[in-house]
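Below is one structure; the comments refer to it alone.
There are 2 protein chains.
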Amino acid sequence: MGRRHGPLPTTEELRIWRDFIETTERLRSHLASRLQSDSALSPGDYAVLLALHEAEGHRLRSSELAAAIGWERSRLSHHLGRMERRGLIRRVECATDNRGAEAVLTDDGAQAFRRATLPHLGAVREMFVDTLTPEQLAAAGEIAQALRVRLDAASGPS
Amino acid sequence: MGRRHGPLPTTEELRIWRDFIETTERLRSHLASRLQSDSALSPGDYAVLLALHEAEGHRLRSSELAAAIGWERSRLSHHLGRMERRGLIRRVECATDNRGAEAVLTDDGAQAFRRATLPHLGAVREMFVDTLTPEQLAAAGEIAQALRVRLDAASGPS
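Chain order of the listed sequences is A and B.
Heads up, the first sequence stops at 158 in full-length UniProt numbering, and the numbers go up one at a time, no gaps.
Heads up, the second sequence stops at 158 in full-length UniProt numbering, and the numbers go up one at a time, no gaps.
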């Protein structure tokens with residue numbers, strides 16, 4: 001309402017946009033299917049296991065975990081409940097602290113993460129890294145960086 | 001199971017991968033939020049309206065529409081049911097033809113599409129086209145092309 005619009009993208013710019021956004025969505029979906037069939041994990045499961053694996057003591061506050069994987073707290077909370085029932089993580093309440101429960105990687109979770117990582121990273125190499133030339137890979141990094149700076153500016157300080 | 005894995009991606013390759021896939025997901029989500037708040041349409045609604053708008057006679061078979069927007073038939077069928085109840089499209093059964101019903105853009109759907117397009121394309125320009133240098137935009141097109149060829153090869157002939 002009242003937002004002004006500059007000139008619209010050209011046909012060629014829109015073609016690139018559609019190609020880019022549709023293909024990255026296909027790639028994400030392809031890798032999610034392979035992760036599920038290879039390792040019975042969703043991309044969300046893997047992101048949580050990865051963040052806990054990389055954290056000191058294999059544990060993180062819910063707030064830290066949410067920031068690490070870029071999810072809303074409420075979505076993460078439901079997801080962690082399901083992962084806890086599958087034995088992949090434990091949640092430890094901390095009554096003296098208002099930053100939320102800690103999520104802790106279990107032995108089963110660590111094993112699931114280790115087993116999933118080799119085929120998952122192999123798929124990333126096959127479908128992304130080895131598909132691009134070194135110049136294209138570097139450009140993909142620069143494009144991601146430019147887009148992220150713009151998104152950060154649009155969402156304001158957080 | 002038995003699939004062989006080559007060398008794993010390097011730390012730098014994985015950093016680019018994570019940046020790339022996370023940032024494109026943030027971009028998709030950002031544009032979806034703006035489309036919803038500007039025009040009360042989901043990205044799926046917009047994709048259907050766009051495909052019908054571009055089609056001859058503003059109508060497509062379900063099978064053609066599914067191919068145009070890259071969805072499974074069952075997902076599309078549920079989605080079209082919701083769009084029909086909102087008056088954005090009509091579905092016309094065709095008893096002599098087994099390619100499924102035709103979806104037809106209604107006047108309300110055409111109006112919703114026209115109203116949504118200016119702010120949506122403005123957002124694409126702002127967040128994607130104008131965010132990248134001309135060289136980065138061209139590289140984004142080449143990257144999408146390379147990834148699509150690889151995905152087509154992985155999913156086999158279809």
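Built from N, CA and C at the ideal position, the CB exists for glycine as well.
In three-state DSSP terms, what is residue i?
i, result
"MET1(B)", "Confidence in MET1(B) is poor, its pLDDT being 43 and thus under 50, which makes the residue's placement unreliable; the coordinate value appears in the next sentence. Coil, per DSSP."
"LEU8(B)", "coil"
"ALA55(B)", "coil"
Counting along the chain, where does the alpha helix (DSSP H) carrying residue i start and finish?
i, result
"ALA101(B)", "Run containing ALA101(B): none; DSSP gives neither H nor E here."
"LEU41(A)", "Per DSSP, LEU41(A) belongs to no alpha helix (DSSP H) and is neither H nor E."
"ASP130(B)", "From DSSP, ASP130(B) is part of no alpha helix (DSSP H); its letter is neither H nor E."
By the 10 Å Cβ neighbour count, where 16 or more other Cβ atoms means buried, how is residue i classified, buried or exposed?
i, result
"ARG114(A)", "exposed"
"PRO7(A)", "exposed"
"ARG26(B)", "buried"
"HIS79(A)", "buried"
"THR131(A)", "buried"
"PRO134(A)", "exposed"
"VAL92(B)", "exposed"
"GLY2(B)", "Its pLDDT being 44, under 50, GLY2(B) is placed unreliably by the model, and the measurement read from it follows with that caveat. Its Cβ having fewer than 16 others within 10 Å, GLY2(B) is exposed."
"THR11(B)", "exposed"
"GLU13(A)", "buried"
Fully enclosed by the segment 60–97 of chain A, which beta strand (DSSP E) runs are 3 residues long or longer? 89–92
Against chain A: residues of the segment 62–77 of chain B by CB proximity under 8 angstroms: GLY70
Closer than 8 angstroms, Cβ to Cβ, to anything on chain A: give me those residues from the segment 7–29 of chain B, in chain order. PRO7, LEU8, PRO9, GLU13, LEU14, ARG15, ILE16, TRP17, ASP19, PHE20, ILE21, GLU22, THR23, THR24, GLU25, ARG26, LEU27, ARG28
Interface positions of the segment 132–158 of chain A facing chain B (Cβ-Cβ less than 9 angstroms), listed along the chain: LEU132, THR133, GLU135, GLN136, LEU137, ALA138, ALA139, ALA140, GLY141, GLU142, ILE143, ALA144, GLN145, ALA146, LEU147, ARG148, VAL149, ARG150, LEU151, ALA154, SER155
Going along the segment 80–92 of chain A in order, which residues come within less than 7 angstroms of chain B, judged by CB to CB distance? none
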